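Beneath this line is the structure, given in structure tokens, with notes to follow.
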Amino acid sequence: MTLPPQAPNAPPVQPIFELIEVEQVFEVPKPGRPLFSRDTVGLRALDGVRLSIRKGTSLAIVGESGSGKSTLLRVLLGLDKPSGGRALYRGKPIGEARAQGTDFARDVAMVYQDARGSLDPRMTIGAILAEPLRHFNIVPPEGEAQRIAHLLDRVGLPVDAAERFPSGLSGGQVRRVAIARALASEPSVLVADEAVSGLDVSTQAQLLTLLQSLQRDMGLTLAFITHDLGVASYLCEEIAIMYLGRIVETGPTDAVLNAPAHPYSAALRAAAPQFFEPLSEPLPGEIPSPLDLPKGCRFSTRCPVAQSDCQSKDPQLGKLGSGRAVACIHPITQA
Amino acid sequence: MTERMTDVALPPVLTLRDLTVHRGAAKILDRVNLSLGQGETLALVGESGAGKSTIAVAIMRLLGNAKIDGTIELAGEGDLLALTERQMVKLRGQRLSMIFQDAGAALNPSYTVGRQLSTTLRRIQGLSKDAARERAVELFTSVGINDPEGRMSAFPHQLSGGMQQRVMVAIALAGSPDLLLADEPTSALDVTIQAQIVRLILTLTRERGASCIFVLHDLALASQSCDRIAVLYAGQVVESGPAHDVLEHHRHPYTQQLKSCVLEIGTKTLTAPEGTVPSHAQMPPGCRFSTRCPRALPRCAGEAPPLVPVRSTAAGPLDHHIACWNPE
Ligand SMILES: Nc1ncnc2c1ncn2[C@@H]1O[C@H](COP(=O)(O)OP(=O)(O)OP(=O)(O)O)[C@@H](O)[C@H]1O
Ligand SMILES: Nc1ncnc2c1ncn2[C@@H]1O[C@H](COP(=O)(O)OP(=O)(O)OP(=O)(O)O)[C@@H](O)[C@H]1O
Ligand code: SF4
Ligand code: SF4
Ligand SMILES: [Mg+2]
Ligand SMILES: [Mg+2]
């Protein structure tokens, strides 16, 4: 694949986000505890996550339900402080950056999965979009209406949508409003949790072409959670594949999907529907509970190529060359 | 497993003729014609609101107070719409059963999954308590539930989404139905679990020689799992036929549009279609796709095209149908 025009040929610059050995442990009720007991155990939702997000890139975060994708986004947004490791935004701890005022909140915008739930049903679309414009002093009051019209146009909504309430819009239109609101503060980073899942394919196609043009034209940095590898492959230059609280493989999306090195990435790839291919042999079993992590490699209970040493060593994410990294003792090598 | 003796040897198992459903003024299904042979798997595809669930629920005769016209012939039973509710109660679970989209909501949260399956078995197969329990453990084993004895006493919330869906498959197959309706059985699941469940349903229905209607929204998954495909748009079947003909030699502009929106791994170009499905109040009287169709002719909005057989290839069979005045 060809790199987009804005690909830096300059020396490596500071990444927008950098996660170093990030851990997120939630105290949860101990399973099987007596009714009124307060016993808790630590649930390792993120366990040693390493990730860096370059300026202007688009990153897909994929993985099974419960693998920690949303927890990771909450850390990136500074909504939750990680219980271990370091999470940096332009070199500064995210918590600090967020506490220092409006710059972070303005620069990093979020599109939630539940777009309708994230919009106040009593406010018109115009009022919803005006809020960030005022909060961040984006335009003088007299320019507000024009800016709102521009934002609506940018996401493909008619100007008269400004007078409507969220209840008067379809699911796809509501997602467009959520994107318009995220763009209102003129962010350089857009973070989205399953922003197109559950939509019809034609609406999904409309939103994906929109997101791609925004990313390219405005040089946005995009972090995009999805469980659809076709979406990841279309929209995102890079991919991070998560399993049970850890990133097990990352790299350029096409390289990873064409020749996955981690057996879990290979299983995800094989399970993705493909026209007229025989249905893939599915992975055995379910994702284990994060309260009861397998010994050694956490994929070893389901890994089709596990060997005897996989239960004794816990593989860490290690470099593979060409911008790729994998956490596996016996990575798949392509002949 | 006991073989069902079917007195009707000849396919088709199910035939829908001009099935039309009104809810108030809205015509949510419009003259749907479909048939399904014994042992065949049919995918219903199309966008939200197209009427896929309505077809499945109409076949189960669980549409409540909607107004239904046309016929639903089930081999050996005649027109289901002419049966009494008592007769339908006997058919449900025995000859027809349905797996609902949201397994979590379809299971009763206050009973163990073992009890829910045993109750079904006792009701439809008239088994004793002990025999039902034994059969339930067998069924749990056949749908790939580990530790089936232990899982009998689990409540739904103690199971993952994938396990809940397996329980639903076991309940649906309890009476060895000859037609299984599966309404998006996997869309709430992860891809790897989705692959497990689709394979499971196919293996089990094939083993039993049963027919299956899958409501799916993923065309690629439909091509991998179904013999035939019916494409619906706003309550009308616009194209139907063998999966290969519909997906590779489609003639209807809407099928073309649906297919062009599919993102396979490696797809780098995407042209998004314009517009949205009109509301029922604004539905054109003729071809319902005419408000968005790039090939529309002047007659299209006013005159509804009939579903007619076409040959997708010169030597092809005539069981490929489209409803379009200006096919590709
Ligand atoms: N606030 C919390 N308290 C306790 N446990 C939590 C909390 N948030 C998440 N978890 C647990 O952390 C793990 C990771 O959850 P997370 O929501 O990040 O997964 P996900 O990858 O986003 O899954 P999905 O695809 O289902 O959205 C899960 O086991 C979840 O139950
Ligand atoms: N109980 C109901 N009362 C009124 N209208 C209904 C009802 N159920 C469905 N409809 C309408 O009937 C039409 C067909 O709905 P149906 O649920 O069959 O679509 P579907 O193809 O299954 O869509 P989805 O992919 O969203 O499940 C829609 O326009 C819907 O709004
Ligand atoms: S370390 Fe072993 S068990 Fe883990 S993914 Fe690699 S081969 Fe499989
Ligand atoms: S009948 Fe006309 S409007 Fe309808 S799909 Fe065919 S060409 Fe398009
Ligand atoms: Mg999540
Ligand atoms: Mg439905």
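For the protein sequence lines, the chains are F and P, in the order given. For the first sequence, the positions run 1 to 335 when the working numbering is used. For the second sequence, the positions run 1001 to 1328 when the working numbering is used. A virtual CB, placed ideally from N, CA and C, is assigned to each residue, including glycine. The model shown is predicted, which means the values in this text are computed figures rather than measured ones.
Task: Among P:1030, P:1124, P:1328, the one whose alpha carbon lies nearest that of residue 1050 of chain P - done: Comparing Cα-Cα distances from residue 1050 of chain P to each of P:1030, P:1124, P:1328, the minimum goes to P:1030.
- [ ] Check the Cβ of residue 157 of chain F against every Cβ in chain B and list those closer than 8 angstroms, keeping chain order.
- [x] In the structure shown, chain B does not exist; the protein chains are F and P.
TODO: Can you check DSSP and say which residues form a bridge with residue 29 of chain F?
DONE: Paired residue(s): F:40.
Open item on the list: Let's see if you can read the secondary structure: which residues bound the alpha helix (DSSP H) around residue 218 of chain F?
Closed with: Here the alpha helix (DSSP H) through residue 218 of chain F covers 201-218.
Task: Interface flag, residue 1204 of chain P vs chain F, CB-CB below 8 angstroms - done: Answer no: the Cβ-Cβ gap between residue 1204 of chain P and chain F never drops below 8 angstroms.
Task: Beta-carbon proximity check, residue 1109 of chain P vs residue 1156 of chain P, cutoff 8 angstroms - done: Contact: yes.
Open item on the list: Give me the subset of the stretch 1083-1108 of chain P whose CB atoms are less than 9 angstroms from a CB atom of chain F, sorted by chain position.
Closed with: Among the residues of the stretch 1083-1108 of chain P, none has a Cβ less than 9 angstroms away from any Cβ of chain F.
- [ ] Starting from the N-terminal end, write out each residue whose C-beta falls within a distance shorter than 7 angstroms of any non-hydrogen atom of ligand 3.
- [x] So the residues near ligand 3 by this Cβ test are F:262, F:263, F:264, F:297, F:299, F:300, F:303, F:305, F:306, F:307, F:310, F:315, F:328, F:329, F:330, F:331.
Task: Beta carbon proximity, residue 1199 of chain P to chain F, threshold 8 angstroms - done: Among the residues facing chain F, residue 1199 of chain P is included, as its CB has a counterpart in that chain under 8 angstroms away.
- [ ] For residue 234 of chain F, return the contacting residues in chain P, with the cut-off set at a CB-CB distance below 8 angstroms.
- [x] Among the residues of chain P, those whose CB is under 8 angstroms from the CB of residue 234 of chain F are 1263, 1267, 1268, 1270, following chain order.
Open item on the list: Applying the 10 Å Cβ sphere with the 16-neighbour rule, what's the burial state of residue 1082 of chain P?
Closed with: By the neighbour-count criterion, in which 16 or more other beta carbons inside 10 Å mark a residue as buried, residue 1082 of chain P falls on the exposed side.
Task: Residue-chain proximity (residue 1196 of chain P, chain F), Cβ-Cβ < 8 angstroms - done: True, the Cβ-Cβ gap to chain F drops below 8 angstroms.
Task: Against chain F: residues of the stretch 1152-1185 of chain P by CB proximity under 8 angstroms - done: The residues in question are 1160, 1161, 1162, 1163.
TODO: Answer with yes or no whether the minimum CB distance from residue 1320 of chain P to chain F is below 8 angstroms.
DONE: At least 8 angstroms separates the CB of residue 1320 of chain P from every CB of chain F.
Open item on the list: I need the boundaries of the alpha helix (DSSP H) containing residue 1190 of chain P, first residue and last residue.
Closed with: That residue, residue 1190 of chain P, is in no alpha helix (DSSP H); it is neither H nor E in DSSP.
Task: Chain-ordered chain F contacts of residue 1218 of chain P [CB-CB under 8 angstroms] - done: Within chain F, the residues near residue 1218 of chain P are 273.
Open item on the list: Contact criterion: CB-CB distance below 8 angstroms. Does residue 349 of chain F meet it with respect to chain P?
Closed with: Nothing about residue 349 of chain F can be read from this structure; chain F reaches only from 1 to 335.
Open item on the list: By DSSP's criteria, residue 1212 of chain P is part of a beta bridge. Which residues make up the other side?
Closed with: Looking at the DSSP assignment, residue 1212 of chain P forms a beta bridge with P:1041, P:1180.
Task: Spatial distance of residue 1298 of chain P from residue 1235 of chain P (CA atoms) - done: Going by C-alpha positions, residue 1298 of chain P is about 22 angstroms away from residue 1235 of chain P.
- [ ] Under the assumption that residue 1177 of chain P contacts residue 1097 of chain P (Cβ atoms under 8 angstroms), give the Cβ distance between them as a whole number of angstroms.
- [x] Sure, about 4 angstroms apart at Cβ, within 8 angstroms.
Open item on the list: Given 7 angstroms as the limit, tell me if residue 290 of chain F has its C-beta closer than that to any heavy atom belonging to ligand 1.
Closed with: Yes; taking the cut-off as 7 angstroms, the Cβ of residue 290 of chain F has a heavy atom of ligand 1 nearer than that.
Open item on the list: Taking the straight line between their C-alpha atoms, what separation do you get for residue 38 of chain F and residue 27 of chain F?
Closed with: Using only the alpha carbons, I get a separation of about 11 angstroms.
TODO: Identify each residue in the stretch 266-299 of chain F for which the Cβ-Cβ distance to at least one residue of chain P is less than 9 angstroms, and report them in chain order.
DONE: For the stretch 266-299 of chain F, the beta-carbon criterion of a distance under 9 angstroms to any beta-carbon of chain P is satisfied by 267, 268, 269, 270, 271, 272, 273, 274, 275, 276, 277, 278, 279, 280, 281, 282, 283, 284, 285, 286, 287.
Task: Cβ-based burial, residue 327 of chain F [other Cβ within 10 Å; buried from 16] - done: Buried, since its Cβ has 16 or more Cβ neighbours within 10 Å.
TODO: On a CA-only basis, which of P:1226, P:1165, P:1131, P:1133 is nearest residue 1101 of chain P? Give me that one, please.
DONE: The residue with the shortest Cα to Cα distance from residue 1101 of chain P is P:1165.
Task: Same chain, Cβ closer than 8 angstroms to residue 375 of chain F, five either side skipped, listed in chain order - done: Residue 375 of chain F is absent from the model: chain F starts at 1 and stops at 335.
TODO: Establish whether the CB of residue 1236 of chain P and some CB of chain F are separated by less than 8 angstroms.
DONE: Judged by the 8 angstroms Cβ criterion, residue 1236 of chain P is not in contact with chain F.
Open item on the list: If you reduce the DSSP assignment to three classes, tell me which class residue 1084 of chain P lands in.
Closed with: Assignment of residue 1084 of chain P by DSSP, reduced to helix, strand and coil, places it in the coil class.
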